[in-house]
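For the sequence shown, this note's numbering assigns the number -12 to the initial residue and increments by one for each residue that follows.
We treat Cβ as the ideally placed atom computed from N, Cα and C, and that holds for glycine.
For reference, the structure discussed in these notes is given below.
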Amino acid sequence: MKVKLSLLLCCLVLTSIVSGKILHSEKSMYRNIMVTQESGQRCMVFGRLSRNPTRQSCYNIREPKQLVFSYTKYMLAGFTQLAEDPQRILIIGLGGGTIPMLLEELYPMATIDSVEIDPAVIRVAKDWFNYRESPKQRVHAVDGRVYVKRQGLRKVQYDVIILDAFNGDYIPEHMMTQEYFRELKGLLAPDGLLMANTFSSNRLYNHESATYQSIFGRFYHLHSDQSGNRVIYANLKQINRYEDEARTQRLKETLRQRGVNFRSFDRLVNQKIDWDEDARLLTDQYSPANLLNN
-12 MKVKLSLLLC CLVLTSIVSG KILHSEKSMY RNIMVTQESG QRCMVFGRLS RNPTRQSCYN
48 IREPKQLVFS YTKYMLAGFT QLAEDPQRIL IIGLGGGTIP MLLEELYPMA TIDSVEIDPA
108 VIRVAKDWFN YRESPKQRVH AVDGRVYVKR QGLRKVQYDV IILDAFNGDY IPEHMMTQEY
168 FRELKGLLAP DGLLMANTFS SNRLYNHESA TYQSIFGRFY HLHSDQSGNR VIYANLKQIN
228 RYEDEARTQR LKETLRQRGV NFRSFDRLVN QKIDWDEDAR LLTDQYSPAN LLNN
């Protein structure tokens, strides 16, 4: 069923198709992984060249501090919406480790937990993308759903949760359900922020959006005008609430140097309900595979 789901969704992937020199290739327990390089960009790729593989993570070799993907820039822009600097950050999905490495630089006192189910991805991130663990930054080789449940039992709370887990075609189906979102909400601090990377248009859009709304209430979201990704900002009460604070302005200036365009962010972020609110919710019993098979 999962194979069938992947085949149905492969045509919906909107990230760039791979080209360039292949520096590394391996087959892990979960996926085919390649490292490619072209035009000054090194990318981690999931999939096979014969089956339209997609870029999962890239960095600019000449200017490594510059962010490559627009959705990553918009996720970082979300940090300007926090009332204070985050002390604990959870990231589901490591990729090349671009986001946690930058966040460690921005918030050296924060504890950053990254979760990646595939040990091969962790190894490739360290060998080819300069990802490094530190006393304040750890990566946990475990399924994200399992890790979230364990942290919930320990009563751990996070100021920011970032969802960026993809299996090569789309988000793993057990990470799109009402039960999972409820577990995530239990980990979120009262004034915390959850951000999720998803797609702007697909057959699951109505169901996915309605499922988020059922747990987090009305949320902000942003459709990238370049990549076809959508970033969801959940548990955010008001946009640009802390705009006038000196701390926010300093962060914005730092992020502008990384390529974040706040004019685009302000123009695109909104609370518009552009989905069918009566769409059936995704649950552990009614997963995306069930939906697409009907």
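- Distance from the CA of I99 to the CA of I79, rounded to the nearest whole angstrom, comes to 11 Å.
- P122 carries a coil assignment under DSSP once its states are collapsed to helix, strand and coil.
- Between W115 and the set R237, I20, W262, P95, the nearest pair of CA atoms involves I20.
- Measuring C-alpha to C-alpha distances from Q53 to each of K113, T198, T241 identifies T241 as the nearest.
- In the structure shown, the three-state DSSP call for K224 is coil.
- If you check the CB distance, K239 and T67 come in under 8 Å.
- Minimum Cα-Cα distance from L90 among the listed residues C45, H127, R245 corresponds to R245.
- In the structure shown, T164 adopts coil according to DSSP, grouped into three states.
- A residue is called buried once 16 or more other Cβ atoms fall within 10 Å of its Cβ, and M88 is buried on that count.
- Per DSSP, the beta bridge partners of Q24 are K8, R29.
- Under DSSP, V143 shares a beta bridge with no residue.
- Taken through DSSP and simplified to helix, strand or coil, R75 comes out as strand.
- Judged by DSSP in its simplified three-state form, I202 adopts helix.
- The closest CA to that of M31, considering only N184, H11, Y229, A64, is found on H11.
- D261 and P122 have their C-alpha atoms spaced approximately 43 Å apart.
- The Cβ neighbour count for V111, taken over all protein chains shown within 10 Å, is at least 16; the residue is labelled buried.
- In this structure, DSSP gives I99 an extended state, which the three-state scheme calls strand.
- Beyond the five residues adjoining it in sequence on each side, S187 comes within less than 6 Å, by CB distance, of H210, G215, R217 in the same chain, given in chain order.
- Only exposed fits P51, as fewer than 16 other CB atoms lie within 10 angstroms of its CB.
- Between the C-alpha atoms of L150 and M182 there is a straight-line separation of about 6 Å.
- In the three-state scheme derived from DSSP, where H, G and I count as helix and E and B as strand, M88 is classed as helix.
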